[in-house]
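Structure first, then comments.
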Amino acid sequence: MVDTVKVGILFSCTGPYAAIGRDCRDGAALAFDEAAQKSGGAISFEPVYTDPEGEPRAYLEQARAMLRDAGCRHIIGTITSLARKEVIPLIEKHDGLLWYICPYEGFEANENVIYTGTCPNQHLMPLFEHLLPRQGRRVFLLGANYVWGWEMNRIARDLLRDAGGEVVGERYLPIEETDVERLIADIQSRRPDFILNNLIGPSSHAFLRAYKALGDADPAFRPEVRPVVSCDLTEAEIGEIGLGLSTGHLSVASYFGTLATPENERFRARAAAAFGPGRRLSSFVEGAYVAVHMLMDAVRSAGSDEPAAVRSAIHASLFETPHGPMRIDPRTNHAALPFHLGRIRDDGDFDIIASRPAIAADPYMTASRDGGRSSLRVVS
Amino acid sequence: MTAIPDLVGRRTVILHRPDENTQRLVRQLGLLGLDAHVQWAPLDLEATPADIVLVDADQGWSGLLPWSGEPAPVPLVALLQSEAPGRVAWAISEGALAILPKPVVPAAVYPALVLAVTAHTRATEVAVRMERLEERLRMRPLVHAAVRAIEMAVRCDEEAAYAVLRRAAMKRRITIEQTAAEMLAGVIPLSEAG
Numbered sequence: 345m346v347d348t349v350k351v352g353i354l355f356s357c358t359g360p361y362a363a364i365g366r367d368c369r370d371g372a373a374l375a376f377d378e379a380a381q382k383s384g385g386a387i388s389f390e391p392v393y394t395d396p397e398g399e400p401r402a403y404l405e406q407a408r409a410m411l412r413d414a415g416c417r418h419i420i421g422t423i424t425s426l427a428r429k430e431v432i433p434l435i436e437k438h439d440g441l442l443w444y445i446c447p448y449e450g451f452e453a454n455e456n457v458i459y460t461g462t463c464p465n466q467h468l469m470p471l472f473e474h475l476l477p478r479q480g481r482r483v484f485l486l487g488a489n490y491v492w493g494w495e496m497n498r499i500a501r502d503l504l505r506d507a508g509g510e511v512v513g514e515r516y517l518p519i520e521e522t523d524v525e526r527l528i529a530d531i532q533s534r535r536p537d538f539i540l541n542n543l544i545g546p547s548s549h550a551f552l553r554a555y556k557a558l559g560d561a562d563p564a565f566r567p568e569v570r571p572v573v574s575c576d577l578t579e580a581e582i583g584e585i586g587l588g589l590s591t592g593h594l595s596v597a598s599y600f601g602t603l604a605t606p607e608n609e610r611f612r613a614r615a616a617a618a619f620g621p622g623r624r625l626s627s628f629v630e631g632a633y634v635a636v637h638m639l640m641d642a643v644r645s646a647g648s649d650e651p652a653a654v655r656s657a658i659h660a661s662l663f664e665t666p667h668g669p670m671r672i673d674p675r676t677n678h679a680a681l682p683f684h685l686g687r688i689r690d691d692g693d694f695d696i697i698a699s700r701p702a703i704a705a706d707p708y709m710t711a712s713r714d715g716g717r718s719s720l721r722v723v724s
Numbered sequence: 306m307t308a309i310p311d312l313v314g315r316r317t318v319i320l321h322r323p324d325e326n327t328q329r330l331v332r333q334l335g336l337l338g339l340d341a342h343v344q345w346a347p348l349d350l351e352a353t354p355a356d357i358v359l360v361d362a363d364q365g366w367s368g369l370l371p372w373s374g375e376p377a378p379v380p381l382v383a384l385l386q387s388e389a390p391g392r393v394a395w396a397i398s399e400g401a402l403a404i405l406p407k408p409v410v411p412a413a414v415y416p417a418l419v420l421a422v423t424a425h426t427r428a429t430e431v432a433v434r435m436e437r438l439e440e441r442l443r444m445r446p447l448v449h450a451a452v453r454a455i456e457m458a459v460r461c462d463e464e465a466a467y468a469v470l471r472r473a474a475m476k477r478r479i480t481i482e483q484t485a486a487e488m489l490a491g492v493i494p495l496s497e498a499g
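Residue numbers (this note's numbering), protein chains in the order written: chain U, 345 to 724; chain L, 306 to 499.
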């Protein structure tokens with residue numbers, strides 16, 4: 345007799361950030377397919393896919409249906425912090441486990457959530473440590489008019505203050521706002537050393553396209569002079585911006601498809617067999633793929649999908665992933681993750697220009713604030 | 306924008322019977338970089354120094370906190386499940402500046418601490434400012450007396466006399482009230498023209 349464990353897969357594959365959701369869902373599906381092909385074992389896994397289409401209320405309704413009606417005790421999903429915060433109370437009520445795989449702004453460590461995406465001490469802090477000494481300290485902050493943009497820029501202001509840097513401008517746009525003319529004019533007059541882009545979705549894409557036009561007209565705004573730097577821009581969205589339009593700009597991730605390791609070679613081969621050879625692999629594809637395998641491993645080793653047992657199994661294990669071995673900290677439920685800085689290429693993939701090995705997550709940034717100024721050491 | 310206080314390294318004392326709530330609280334405080342000490346006995350701040358105190362407002366009694374009746378010397382957060390008005394009133398009278406509902410939800414801990422610490426800092430600043438203003442108010446008659454004395458000594462009008470007093474105060478970097486007191490006591494000569 346085989347026990348079937350149902351796993352909710354909750355990503356928006358339509359709506360303003362659909363490209364990210366599709367990568368997440370595809371990564372999850374790849375892992376489930378791999379498990380299904382390996383016959384035997386006492387437990388089989390069945391994904392339950394839904395699409396909330398970017399609507400907060402739909403996240404709530406679909407998560408409730410997964411937990412209450414479909415018998416899922418684990419949900420892998422949500423992309424925005426808004427959706428995650430929406431779903432967490434339900435997860436707590438049903439004593440389930442949410443697997444959150446996206447980079448986010450930190451300041452959360454819920455016992456019912458496993459965090460395998462990066463938080464600021466894993467993306468923004470090492471980014472500034474690398475970039476400020478090389479690129480300059482006069483920074484223009486751009487943000488989505490929403491918690492990601494607000495918090496990322498708040499942390500950026502603090503880091504710049506401690507590093508003797510300067511915020512030369514700060515602007516916010518709604519996620520779906522694509523009128524970026526004033527913003528471009530502002531950047532043109534203030535001439536920052538680089539632009540920290542915490543816009544998301546269509547407004548981010550529109551900005552990068554408009555900035556390309558600015559750079560074409562005025563070489564002082566070409567990416568090698570004044571790059572746009574993001575902490576969440578991946579291979580998933582480069583096609584949406586338009587191939588070649590964001591070339592030369594930078595982004596941080598714990599995984600890039602071009603990562604040259606034997607583990608990633610194997611992953612790329614499997615992904616190519618499943619999706620075709622042209623598919624660019626992002627940290628979202630990889631993150632969802634890793635989360636599903638981690639969940640399946642933990643359920644098998646715990647012999648049950650009971651969340652407390654699964655959590656203990658996760659805390660006790662070291663997982664092999666395409667980005668290298670990964671551990672979950674029992675204190676924070678966050679993954680230790682490597683830092684990679686990538687430069688966008690014409691073909692929509694990234695050249696990795698700087699890396700650091702796995703950094704333990706510090707979601708409340710206690711180490712950095714504890715150390716005060718010493719936290720922004722230059723690492724070369 | 307309001308500056309967020311840095312909580313890292315602050316010592317917290319939780320006055321509550323050890324249970325699941327205190328366990329969750331200690332874990333979350335650890336994540337926030339704070340030391341936590343749990344006890345269910347009256348607090349002695351000398352034996353157990355604390356920068357922030359969290360108290361069980363459901364079961365707390367007067368005398369549990371050492372400052373009963375006085376303004377709380379440290380930020381106080383009330384741990385509260387009850388809706389009974391008397392318990393809320395007890396928390397307020399002990400000086401609670403934020404409420405953390407029970408059962409404790411980890412996500413509620415950080416905002417409650419930040420609120421309590423910020424409110425306590427502000428309350429302390431206001432108290433200091435008020436004390437200073439009250440002091441000045443008490444000394445106001447001295448200023449009038451000094452102005453009159455200057456008017457007579459240098460034969461000028463009230464406005465000019467006040468200007469003399471003010472210059473003397475600025476020169477010494479002390480308050481006008483203090484200058485007035487010193488002039489009347491003869492420490493500063495009345496005829497001093499600044």
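Quick reminder that beta carbons are idealized off the backbone N, C-alpha and C, glycines included.
Check	Outcome
Chain L contact for U/E405 (CB, 9 Å cutoff)	no
Beta-carbon gap between U/S598 and U/S627 smaller than 9 Å	yes
Residues of its chain near L/I455, where Cβ-Cβ distance is below 7 Å and the 5 sequence neighbours each way are ignored	A466, V469, L470 and L495
Reduced DSSP category for L/W366 - H, G, I as helix; E, B as strand; rest coil	coil
Residue of U/F389, U/G583, U/A652 and U/G513 minimising C-alpha distance to U/D439	U/A652
Contact with chain U by L/A412, beta-carbon distance below 9 Å	yes
CA-to-CA distance, L/V419 to L/V358, given in whole angstroms	13 Å
Cβ neighbours of U/P666 in the same chain (closer than 6 Å, five flanking residues each side left out)	E607, N608, F611 and E630
Chain-ordered neighbours of L/L253 on chain U, where CB pairs are closer than 8 Å	Only positions 306 to 499 of chain L appear in the structure, and residue 253 of chain L is not among them; the question remains open.
Neighbour flag for L/Y415 against chain U, beta carbons, 9 Å	yes
Distance between U/K556 and U/E568 (C-alpha atoms, nearest Å)	12 Å
Proximity below 9 Å, CB of L/A448 to CB of L/E463	With the sequence shown as reference, residue 448 of chain L is identified as Val, and Ala is not the correct amino acid for it. Contact flag unset, no.
U/D506, enclosing alpha helix (DSSP H) - first and last residue	V491 to D506
Limits of the unbroken alpha helix (DSSP H) element including L/A403	Note, L/A403: premise wrong, no alpha helix (DSSP H); beta strand (DSSP E) at A401 to P406.
beta-carbon U/R644 near the ligand PLP non-hydrogen atom, thresh 8 Å	Summarising the ligand content, the structure contains no ligands, and the ligand PLP is consequently not present.
With 16 other Cβ atoms within 10 Å as the buried cut-off, status of L/A474	buried
Cβ-based burial, U/R717 [other Cβ within 10 Å; buried from 16]	Note that U/R717 scores a pLDDT of 38, beneath 50, so its modelled location is shaky and nothing firm can be said.
For U/L685 and U/I703, believed in contact at Cβ under 8 Å, the rounded distance	Wrong, their Cβ atoms sit about 13 Å apart, outside the cutoff.
Helix, strand or coil at U/I420 according to DSSP, with G and I counted as helix	strand
L/V492 burial status per 10 Å Cβ neighbour count (16 or more: buried)	exposed
Distance CB(U/L441)-CB(U/V457) smaller than 9 Å	yes
Top-ranked residue by Cα proximity to L/E375, from L/E482, L/I397 and L/R316	L/I397
L/S367 classed as buried or exposed, judged by whether at least 16 other C-beta atoms fall within 10 angstroms	exposed
Ranges of the beta strand (DSSP E) found wholly within the stretch 391-470 of chain L, counting only runs of at least 3	401-406
Rounded C-alpha distance that separates U/M709 from U/A550	32 Å
Whole-angstrom distance between U/F538 and U/Q479, CA atom to CA atom	7 Å
Close Cβ partners of U/A409 (< 8 Å) along its chain, the five nearest in sequence each way excluded	T394
Start and end residues, beta strand (DSSP E) containing L/Q483	Premise fails: L/Q483 lies in the alpha helix (DSSP H), I481 to L489, not in any beta strand (DSSP E).
Any chain L beta carbon closer than 9 Å to U/D576	no
Residues that U/Y444 bridges to, as DSSP identifies them	U/Y459
Test: U/I353 CB closer than 9 Å to a CB of chain L	no
Those residues which DSSP pairs with U/I703 across a bridge	U/L681
Whole-angstrom distance between U/T422 and U/L517, CA atom to CA atom	22 Å
Inter-residue spacing [alpha-carbon to alpha-carbon] between L/L320 and U/D523	54 Å
Short CB-CB distance (under 9 Å) between L/A498 and chain U	Its pLDDT being 47, under 50, L/A498 is placed unreliably in this model, and the coordinates cannot settle the point.
Min CB distance L/R329 to chain U below 9 Å	yes
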